[in-house]
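The numbering of the sequence shown is this note's numbering, which starts it at 15 and goes up by one.
We put the beta carbon where it would ideally sit given N, CA and C, even for glycine.
First up is the structure itself, then whatever we jot down about it.
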Amino acid sequence: RFHTIEDKQYVEEPGVWKKTNGKATGYASYNLIVLLPETLSALAFRIHDLGTAYSFFVNDSLVAKAGNVGRNKEESVPQLLPQTVVIDNLTDTTRITVWISNFDYRKGGFWKALVIGEVDTIIREDTSRMNILLFNAGVWFMVIFFLCFFYVYTQKQKTILSFFLGAFFLLIRKTTADD
């Protein structure tokens, strides 16, 4: 278990630690108790990219992890890993615990809200977001191909080359930086 500290702080999440306590580094434990209807048997949790190490527990069972959570820079190993986790066999009172540590990045804490919902809804949203990402990547790939073709078969103008490079780097950014 993670050790508690004497100077507990309550922060509003999602948020960046630097904005709430003035420091971007450290470690934290977040606890949430969710009251569920007895008819609900499964839930999905979408954990966005936190840019640091985290361990995600449901009813004290580890269900998702990215990197290694630690109390100092030597123990903590960051990892960028957004995940969607499906949990079944829930009770009417479900406890969610998240451990986070950050000693490597300029922002710590939850950057985006944890999404909790019915399994079909979360999976459908994930599929929809992936389809939109692939469509956008295809459009940008066609723009890049057109600009490359135009550059090679014209007078090799530097403005076309700069548009080509800008579109190429935008494609790389969009396909690697999103959840």
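### Query
According to DSSP, which residues form a beta bridge with residue 189?
On the sequence shown, position 175 is the one that residue 189 refers to. DSSP, once it has assigned bridges, lists no residue as partnering residue 189.
### Task
Confirm, please, whether the CB-CB distance from residue 97 to residue 61 is below 8 Å.
For this step, residue 61 is matched to residue 47 along the sequence shown. For this step, residue 97 is matched to residue 83 along the sequence shown. For residue 61 and residue 97, yes; Cβs fall inside 8 Å.
### Task
Using three-state DSSP, classify residue 58 as helix, strand or coil.
Indexing the sequence shown from 1 puts residue 58 at position 44. Strand, per DSSP.
### Query
If we ignore side chains and look at the alpha-carbon of each, how far apart do residue 156 and residue 108 end up?
The residue labelled residue 156 in the question sits at position 142 within the sequence shown. The residue labelled residue 108 in the question sits at position 94 within the sequence shown. Looking at the two C-alpha atoms, the distance is approximately 47 Å.
### Query
Are residue 56 and residue 106 closer than 8 Å when you measure CB to CB?
The residue labelled residue 56 in the question sits at position 42 within the sequence shown. The residue labelled residue 106 in the question sits at position 92 within the sequence shown. The answer is no: Cβ separation not under 8 Å.
### Query
Thinking C-alpha only, which one of 104, 115, 95 and 76 is nearest residue 89?
Stepping through the sequence shown from its first residue, residue 89 is reached at position 75. The residue with the shortest Cα to Cα distance from residue 89 is 115.
### Task
Kindly give me the distance between the Cβ atoms of residue 95 and residue 80, rounded to whole angstroms, as I take these residues to be in contact under 8 Å.
Within the sequence shown, the letter at position 81 stands for residue 95. Within the sequence shown, the letter at position 66 stands for residue 80. Yes, they are in contact, since the Cβ atoms of residue 95 and residue 80 sit about 4 Å apart, within 8 Å.
### Task
Could you tell me the distance, in whole angstroms, from the CA atom of residue 186 to the CA atom of residue 153?
Stepping through the sequence shown from its first residue, residue 186 is reached at position 172. Stepping through the sequence shown from its first residue, residue 153 is reached at position 139. Approximately 13 Å between the Cα atoms of the pair.
### Message
Alpha carbons only, please: which of 127, 191, 43 and 49 is nearest the one belonging to residue 68?
### Response
Numbered from its first residue, the sequence shown carries residue 68 at position 54. Looking at the Cα atoms, 43 is the closest of the given residues.
### Query
Should residue 66 and residue 29 be called a contact, given that it needs their Cβ atoms to be closer than 8 Å?
Against the sequence shown, residue 66 aligns to sequence position 52. Against the sequence shown, residue 29 aligns to sequence position 15. Going by C-beta atoms, residue 66 is not nearer than 8 Å to residue 29.
### Task
Please determine if the segment 174-185 and the segment 157-164 are in contact, where contact requires at least 3 C-beta pairs separated by less than 8 Å.
yes
### Message
Within a Cβ cutoff of 6 Å, which residues of the same chain sit near residue 48, ignoring the five residues on either side of it in sequence?
### Response
Within the sequence shown, numbered from 1, the residue matching residue 48 stands at position 34. Counting only Cβ-Cβ distances below 6 Å, and skipping sequence neighbours, we find 108.
### Message
Could you compute how far the alpha carbon of residue 53 sits from the alpha carbon of residue 59?
### Response
Along the sequence shown, read from residue 1 onward, the residue named residue 53 stands at position 39. Along the sequence shown, read from residue 1 onward, the residue named residue 59 stands at position 45. Cα to Cα, residue 53 sits roughly 18 Å from residue 59.
### Task
Take residue 191 and list the residues in its own chain whose beta-carbon comes closer than 6 Å to its own, dropping the five residues that flank it on each side.
As a working note, residue 191 is residue 177 in the sequence shown. For residue 191, where only same-chain residues beyond five positions count, there are no Cβ hits under 6 Å.
#### Entry: CB of residue 72 within 8 Å of CB of residue 130, strictly
Counting from 1 along the sequence shown, the entry for residue 72 is found at position 58. Counting from 1 along the sequence shown, the entry for residue 130 is found at position 116. For residue 72 and residue 130, no; Cβs fall outside 8 Å.
### Message
With distance defined between alpha-carbon atoms, name the residue in 86, 38 and 100 nearest to residue 78.
### Response
Against the sequence shown, residue 78 aligns to sequence position 64. Residue 100 is the option with its Cα nearest to residue 78.
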